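Order-wise, the sequence lines are chains H and F. With the numbering used here as the guide, the letters of the first sequence map in order to residues -3 to 314. With the numbering used here as the guide, the letters of the second sequence map in order to residues -3 to 314. For glycine and all other residues, C-beta sits at the position ideal for the given N, C-alpha and C. Given the structure is predicted, the values throughout are model-derived calculations rather than measurements.
There are 2 protein chains.
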Amino acid sequence: MPVGEAKAIELIARIARRRSREIVMGIGDDAALYRDGLVVTTDAYLEGVHFDRSYLELSAVGARAVCGTLSDIAAMCARPIGVFVSLMVPPRTARRDLRELYLGMDAVCSLFDTEIAGGDIIASPRLGLALTALGKTRAPRLRSAARPGDRLCVTGHIALAETGRLALKHGLNSKKYRRAIERHVCPIPRIKEALRLAPRIHGLIDTSDGLSTDAGHLATESGVRIVIDRAALPVAPETVELCLELGLDLDRFLFSSGEDYELLFTSQSALRSPQFAVTGVGSVARGSGVWLRDNGKLRRLRPSGYDHLGPKRANPKP
Amino acid sequence: MPVGEAKAIELIARIARRRSREIVMGIGDDAALYRDGLVVTTDAYLEGVHFDRSYLELSAVGARAVCGTLSDIAAMCARPIGVFVSLMVPPRTARRDLRELYLGMDAVCSLFDTEIAGGDIIASPRLGLALTALGKTRAPRLRSAARPGDRLCVTGHIALAETGRLALKHGLNSKKYRRAIERHVCPIPRIKEALRLAPRIHGLIDTSDGLSTDAGHLATESGVRIVIDRAALPVAPETVELCLELGLDLDRFLFSSGEDYELLFTSQSALRSPQFAVTGVGSVARGSGVWLRDNGKLRRLRPSGYDHLGPKRANPKP
């Protein structure tokens, strides 16, 4: 019987026995956390599954992958201290292709004063990258620390990256969608933001799998109910426009689109920052699940985001 | 122009800028080394390239991969503190297959009191594993520390793992080859041995790519000449027999067969241990390259081991 992602992780977590007293948090958060504040995360990206070279340069493929992996470091309130790259490379890959890919990865590392510190390179029929990022933190933040009474906040815009991906894919007027395309092509992880907000953050996750799914992780791991206020969601005008242009349901698009790599967190009060966009989008209460308050009505919001093992994906990518 | 592995690593090392003062050793050894003794290594394994399920159970696929990755931790004289798994899994993979794979990985972790501490799981047309292992050491040993006047030593037997792989593949009498097959299926990394020998080790590498290639890395990184004494090599009788049976050139087989995951190191004097096999197999001198002393004659030994990017592989696997 084939298994979905959640079931697979559950199975793996049961088999992978905990042995080390050095590890505070193993499987189950954005990254593993060691007693000394070391944070470790690993992510794989495969051509045709996670990226499409028909509309992405190789430097962008590399940059995006590093952004996505470092976002898990941000989601623990840590700063990165190294990136490790397992490269799966098709035969006859040109020297300049390799160069472009690594230049893209190195450029993102340079923004955070970190580096590609090691890796492996193997032959493969398909281009792929498995990245591991290490980070350090003195004040880790976990998914499990949201408390009833908290406000729910998010940085940036909801579903902006997916807006950019579809604009690129469908060759829509790229000027209007420039900001969205940039968020898709190079979603700079919110590391600086996380470190700045850290003292006031309780529960924290990054939005990689879609708002409904990621909020669901916060709710489950913290054992709380999360209520999202539809009217408060920071939606970019170009996202509304794209949904009109492509005939997509805006609400479904907002709740299921992944890879924004923004911070979704809870805090005692709604936060504001003069340096970057943070928006209060809901609240935390006793109970369970994710709920949506819309026009005075409350309804359950089921996870409709990205399942990496796919067959039951609620919202296949258009 | 397609590139070979050495050229690719050279290119990557040039692009990947060094930025962090926390990193003592980045690209260029078995693992990266941080100032606080943290050691990090990453390795990828792909079905059809690195393993063949027609004669390996999934638990063995998992166990072998963890053994190979932890061997890089041994090669830095470190003890493992965690394994991270990026799993690439074909659609319709059964629950019990996943279970078997992770049981195999967990079993090797348990031998060293470590654990699968995190990972990622993605859909892929082909089964693959990208593993990252972390280790800690107070006395790291590098490839670059061999000194003229040292003795060259190796644990275990040369080319025993490849003997086992071919015995399995060709369905040869498995009783005779049991020890060799075991070394192929589950090449327990020499972590305990490395920690015990540490105080007397100068330069150190593990034998993953074949004796000629791995000795070449020691020679190049240390800026020395390595002379291997043909008569001293620890060759198992079953390896001699296999070469006869399959019509393979024994010498070529010894110098090019990889994945033994033994320790190859230099020391002020030849070491012995009552607990495990260590053999003095050569010496270190001023100069460069790897040389073979055989019947009183000295000849240059070119790297004939495994090139992970393949087209120029000197010795394609039979």
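The beta strand (DSSP E) enclosing residue i, as first and last residue numbers
i	result
residue 171/F	Note, residue 171/F: premise wrong, no beta strand (DSSP E); not H, not E.
residue 80/H	75 to 85
residue 259/F	259 to 263
residue 142/F	That residue, residue 142/F, is in no beta strand (DSSP E); it is neither H nor E in DSSP.
residue 247/F	Careful: residue 247/F lies outside any beta strand (DSSP E), inside the alpha helix (DSSP H) at 246 to 252.
Cβ of residue i within 7 Å of any chain F Cβ
i	result
residue 48/H	no
residue 38/H	yes
residue 19/H	yes
residue 111/H	yes
residue 103/H	no
residue 99/H	yes
residue 93/H	no
residue 245/H	no
residue 184/H	no
residue 308/H	Bear in mind that the predicted position of residue 308/H carries a pLDDT of just 40, short of 50, making it unreliable; the figure below should be weighed with that in mind. It does not: the Cβ of residue 308/H has no partner Cβ on chain F nearer than 7 Å.
residue 45/H	yes
residue 311/H	For residue 311/H, the predicted model reports a pLDDT of 40, less than 50, meaning its position is unreliable and no value from the coordinates is stated.
Collapsed DSSP secondary structure at residue i in the structure displayed
i	result
residue 101/H	helix
residue 112/F	strand
residue 216/H	helix
residue 17/H	coil
residue 288/H	strand
residue 276/F	strand
residue 22/F	coil
residue 182/F	coil
residue 131/H	strand
residue 311/H	Because residue 311/H sits at a pLDDT of 40, beneath the cut-off of 50, its placement in the model cannot be relied upon, and the point is left open.
residue 202/F	strand
residue 45/F	coil
residue 151/H	strand
residue 107/H	helix
residue 267/F	coil
residue 296/H	strand
residue 225/F	strand
residue 27/F	coil
Contact set for residue i: own chain, Cβ-Cβ below 7 Å, skip 5 residues either direction
i	result
residue 177/F	160, 163, 164, 170
residue 144/F	220, 280, 281, 282
residue 18/H	30, 31
residue 225/F	277, 278, 289
Pairwise C-alpha distance: residue j and residue i
i	j	result
residue 235/H	residue 37/F	41 Å
residue 52/F	residue 98/F	15 Å
residue 261/H	residue 46/F	42 Å
residue 107/H	residue 100/H	12 Å
residue 124/F	residue 89/H	20 Å
residue 175/H	residue 258/H	15 Å
residue 94/F	residue 180/F	21 Å
residue 295/H	residue 223/H	9 Å
residue 56/F	residue 182/F	7 Å
residue 281/F	residue 218/F	11 Å
residue 54/F	residue 75/F	26 Å
residue 92/F	residue 3/F	41 Å
residue 79/F	residue 141/H	26 Å
residue 273/F	residue 230/F	9 Å
residue 39/F	residue 275/F	28 Å
residue 132/H	residue 77/F	16 Å
residue 151/F	residue 134/H	41 Å
residue 137/F	residue 193/F	11 Å
residue 309/H	residue 102/F	The pLDDT assigned to residue 309/H is 40, lower than 50, so where the model puts this residue is not dependable; a value taken from the coordinates is nonetheless given after this. Cα-Cα distance, rounded: 30 Å.
Closer than 7 Å to chain H by CB, residue i
i	result
residue 128/F	yes
residue 80/F	yes
residue 187/F	no
residue 59/F	no
residue 276/F	no
Contacts of residue i in chain B (Cβ-Cβ under 8 Å)
i	result
residue 106/H	Looking at the structure shown, chain B is missing, and the protein chains on hand are H and F.
Beta-carbon proximity list for residue i, same chain, < 6 Å, skipping 5 on both sides
i	result
residue 232/H	153, 156
residue 24/H	none
residue 68/F	26, 27, 37
residue 210/F	201, 203, 260
residue 116/H	82
Element boundaries [alpha helix (DSSP H), containing residue i]
i	result
residue 63/H	54 to 70
residue 36/F	Looking at the DSSP string, residue 36/F is not in any alpha helix (DSSP H); the run it does join, the beta strand (DSSP E), is 34 to 42.
residue 159/F	156 to 165
residue 197/F	From DSSP, residue 197/F is part of no alpha helix (DSSP H); its letter is neither H nor E.
residue 235/H	233 to 242
residue 7/H	1 to 11
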